[in-house]
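A.B. asks:
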Amino acid sequence: MIQSILSTDLINFDTLPAASQSKPSLQTYLDKRVTKSQPGTKRTRSQRARERLQTKEHLVGLARELHEGELADKLDRCHSRLSVLTCGRHIARIIPNFTCEFRLCPDCGRRRSRKLQTKYLPPMKAFMLHNKVTPVHLVLTQTHRKETRKQSAKRIKDSFGKLQRRSFWKQYFKGGTWSLEFTKDKNGLHHTHLHIIGFRRKFFDIELLRDEWLSVTGDSHVLHLKPILDIASGLQEIVKYVSKPLDIRRFGAADLKEFLGLKNMRMFGTFGEFRDFCRSFDLSDDETAVSDLESLARDLVEGCACPQCNEPLFDLRLSKSELPKFYERIESLAPRSP
Ligand SMILES: [Zn+2]
Ligand SMILES: [Zn+2]
């Protein structure tokens, strides 16, 4: 719901005639965009679980409409029964009966973005340390044209490729990661954004970057840049678009059909020197740390102490519709006194 309300803020005023009625300032426009994607948006876990459920039901409906029976069945089965290891107040682990791995599945998307965070956080930290660079979150946008999702994505990625070859860019950025976000306005035009974590060598005047972006795109100068204070939450914010590249609840059957045609499109990637760094980065140390944590959770079984409160864990079998209710119950409980 929140998403669809905010997406209407994206009406394509930059394609409206210049003299049209009071349009919001570019700053407002982008601030809303970026604010929307801030980590820790106020929704509770139960609300998010309920939204995932609705998104999935919506997707299943669309798949059936398109006679994609196999996809609909897979989505329907994915996370439909859950084994929840809990102390009654905390959830130590959730094991689903089945994962569909469909790119738009909100449950599988969460797992995918967690994996990306685990993979890229260690090299990011090391890269920043070795190169004395600071991370920024850069959002690049483009004007909206009548084109397919694929064309829109290609256009912005091509422009970004050109930007990276400019001497301005090389002077100030030392690589980073990108991810794609798609939205659509009420006129059916695609809004494609690139969310970039850029490792900045030094400060520069944002107006200069705006000019560079205008020069490579020919008609777009809308971008937003903000410093990332904590790389872990900065990365978390970016990988959200990998799990949720578009606003699925405003999706129609035609949108799903178009998306199914994009099978091999990449939604996330690394670029510049950071890309090379990742290739040669020795994961050994950090990998051990991560897998220790993961295996710790994997090793938990019924009867073990809850990692958060030491109470014994038990195994609760829930259906997908019971999970939001269970979160709600947990949220209504006062924290256990130490
Ligand atoms: Zn799934
Ligand atoms: Zn507990």
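Taking the working numbering, the leading residue of the sequence shown gets 3, the next gets one more, and so forth.
By construction, the Cβ of each residue, glycine as well, lies at the ideal position given by its N, Cα and C atoms.
Beta-carbon distances below 6 Å to any heavy atom of ligand 2 define the shell here; list its residues in chain order, please.
C.D. replies: Those residues are C89, R91, H92, C308, Q310, C311, E313, given in chain order.
A.B. asks: Within the structure, which residues are defined as neighbours of ligand 1 by a Cβ-heavy atom distance below 7 Å, reported in chain order?
C.D. replies: Listed along the chain, these residues meet the criterion: L77, C80, H81, T101, C102, E103, F104, C107, D109, C110.
A.B. asks: Quick one: is K44 near chain B, going by C-beta distance under 7 Å?
C.D. replies: Checking the listed chains, one finds no chain B in this structure; it contains a single protein chain.
A.B. asks: Could you tell me which whole alpha helix (DSSP H) segments of length 4 or greater appear in the segment 66 to 135?
C.D. replies: Segments of the alpha helix (DSSP H) lying fully in the segment 66 to 135: 71 to 79, 108 to 133.
A.B. asks: For my contact list, C308 and A94 are in at a C-beta cut-off of 8 Å; report their separation, rounded to the angstrom.
C.D. replies: Contact holds; Cβ gap of about 6 Å.
A.B. asks: Tell me which residues share the same chain as A20 and place their Cβ nearer than 8 Å to its Cβ, disregarding the 5 neighbours each side in the sequence.
C.D. replies: Reliability of the predicted coordinates at A20 is poor, the pLDDT of 36 falling under 50, and the value obtained from them is presented with this limitation in mind. Once the five neighbours on either side are set aside, A20 has no close Cβ partner at all.
A.B. asks: Give me the Cα-Cα distance between L2 and R268, rounded to the nearest whole angstrom.
C.D. replies: Given that the chain is displayed from residue 3 to residue 340, the structure contains no residue 2 and the question cannot be resolved.
A.B. asks: Using the beta-carbon count (16 or more within 10 Å), is I208 buried or exposed?
C.D. replies: That one is exposed.
A.B. asks: Which residue from Q173, Q144, G220 puts its Cα closest to that of H197?
C.D. replies: Here the closest residue by C-alpha is Q144.
A.B. asks: Would you grab the beta carbon distance between I97 and L84 for me? Rounded to a whole angstrom, and I think it's under 8 Å.
C.D. replies: Indeed, because the Cβ distance is near 7 Å, the residues count as touching under 8 Å.
A.B. asks: Taking the beta strand (DSSP E) that F279 falls in, what are its first and last residues?
C.D. replies: Where F279 is concerned, there is no enclosing beta strand (DSSP E), although the alpha helix (DSSP H) it sits in stretches over 274 to 282.
A.B. asks: Hey, quick one: how far does the beta strand (DSSP E) through G177 stretch, first residue to last?
C.D. replies: Looking at the DSSP string, the run of the beta strand (DSSP E) that includes G177 is 175 to 186.
A.B. asks: Quick test of your reading: K228 and V135, contact by CB under 8 Å. State the CB separation rounded to the nearest angstrom.
C.D. replies: Contact flag wrong, Cβ pair sits at about 16 Å.
A.B. asks: V241 and H195 - do their beta-carbons sit closer together than 7 Å?
C.D. replies: Result no, Cβ atoms of H195 and V241 do not sit closer than 7 Å.
A.B. asks: Alpha carbon to alpha carbon, what distance is there between D221 and P124?
C.D. replies: Taking the straight line joining both Cα atoms gives about 37 Å.
A.B. asks: Specify the secondary structure class of G254 as computed by DSSP and reduced to three states.
C.D. replies: Correct three-state label for G254: coil.
A.B. asks: Using the DSSP secondary-structure output, state which residues sit across from S321 in a beta bridge.
C.D. replies: Note: S321 sits in a beta bridge opposite R83.
A.B. asks: Is it right to say E341 is buried, meaning 16 or more other beta carbons lie within 10 angstroms of its own, or is it exposed?
C.D. replies: Given a span of 3 to 340 for the chain in the structure shown, any question on residue 341 remains unanswerable.
A.B. asks: Measuring CB atoms only, is the segment 150 to 162 touching the segment 252 to 265, in the sense that at least three cross pairs come out at less than 8 Å?
C.D. replies: With a cut-off of 8 Å, the segment 252 to 265 and the segment 150 to 162 count as touching, because enough Cβ pairs lie within range.
A.B. asks: For L335, which of helix, strand or coil comes out of DSSP?
C.D. replies: The answer is coil: DSSP assigns L335 none of H, G, I, E or B.
A.B. asks: Determine the DSSP secondary structure at P326, reduced to helix, strand or coil.
C.D. replies: Three-state DSSP puts P326 in a helix.
A.B. asks: My output table needs one value for H162: the three-state DSSP class, helix, strand or coil.
C.D. replies: First, the residue type needs correcting, since residue 162 is Phe and not His in the sequence shown. The answer is helix: DSSP assigns F162 an H, G or I state.
A.B. asks: I believe E304 touches F316 by the beta-carbon criterion, under 8 Å. Please report the beta-carbon distance rounded to the nearest angstrom.
C.D. replies: Right, their Cβ atoms sit about 6 Å apart.
A.B. asks: Beta-carbon within less than 6 Å of K76's beta-carbon, same chain only, minus the 5 sequence neighbours each way: which residues are those?
C.D. replies: If we look at K76 and ignore the five residues flanking it on each side, its Cβ neighbours are C102.
A.B. asks: Check each candidate in A74, Q56, R54, K44 and name the one with the smallest Cα separation from K259.
C.D. replies: Nearest of A74, Q56, R54, K44 to K259, Cα basis: A74.
A.B. asks: Going by Cα to Cα distance, which pick from T46, S48, R251, L237 is closest to F201?
C.D. replies: Nearest C-alpha to F201: L237.
A.B. asks: Just confirm the distance between the C-beta atoms of G177 and E275, as a whole number of angstroms; I'd bet it's less than 8 Å.
C.D. replies: G177 to E275, Cβ: 4 Å. Contact.
A.B. asks: Assign H223 to one of three DSSP states: helix, strand, or coil.
C.D. replies: Coil at H223, not helix or strand.
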